[in-house]
Amino acid sequence: MPKIKSNSGAAKRFKRTANGFKHKQSFTSHILTKKSTKRKRQLRSMNQVAACDKPLIVRMLPYV
Numbered sequence: 001m002p003k004i005k006s007n008s009g010a011a012k013r014f015k016r017t018a019n020g021f022k023h024k025q026s027f028t029s030h031i032l033t034k035k036s037t038k039r040k041r042q043l044r045s046m047n048q049v050a051a052c053d054k055p056l057i058v059r060m061l062p063y064v
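Take 1 as the starting number for the sequence shown in full-length UniProt numbering and just add one per residue.
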């Protein structure tokens, strides 16, 4: 059987951890002047992917 291709967009956006997957937050690239310092600081960190979305990512990244 041939190998399954990984979704290249998902491969760039999600990283595997021991507990699931982590992803970078959105809303951090532009129009930052109207966002508060607290909001921008909290958007810096990586977040865990929700449990309901985990099966979709596993399907897109079969060998990760």
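Even glycine gets a Cβ: it sits at the ideal position worked out from N, Cα and C.
Proximity winner among the options, relative to residue i (alpha-carbon distances)
i	options	result
Asn-47	Ser-36, His-23, Lys-38, Lys-12	His-23
Thr-28	Lys-5, Met-1, Ala-18, Arg-44	Arg-44
Ser-26	Lys-3, Pro-2, Ala-18, Phe-14	Phe-14
Ala-50	Arg-39, Lys-35, Phe-21, Met-1	Phe-21
Alpha-carbon spacing of residue i relative to residue j, whole angstroms
i	j	result
Asn-7	Leu-61	6 angstroms
Lys-12	Asp-53	17 angstroms
Arg-59	Ile-4	10 angstroms
Val-64	Lys-34	38 angstroms
For residue i, the three-state DSSP class (helix, strand or coil)
i	result
Lys-24	strand
Whole-Å CB distance - residue i paired with residue j, under 8 angstroms assumed
i	j	result
Ala-10	Ile-57	6 angstroms
Leu-32	Lys-38	13 angstroms between Cβ atoms; not a contact.
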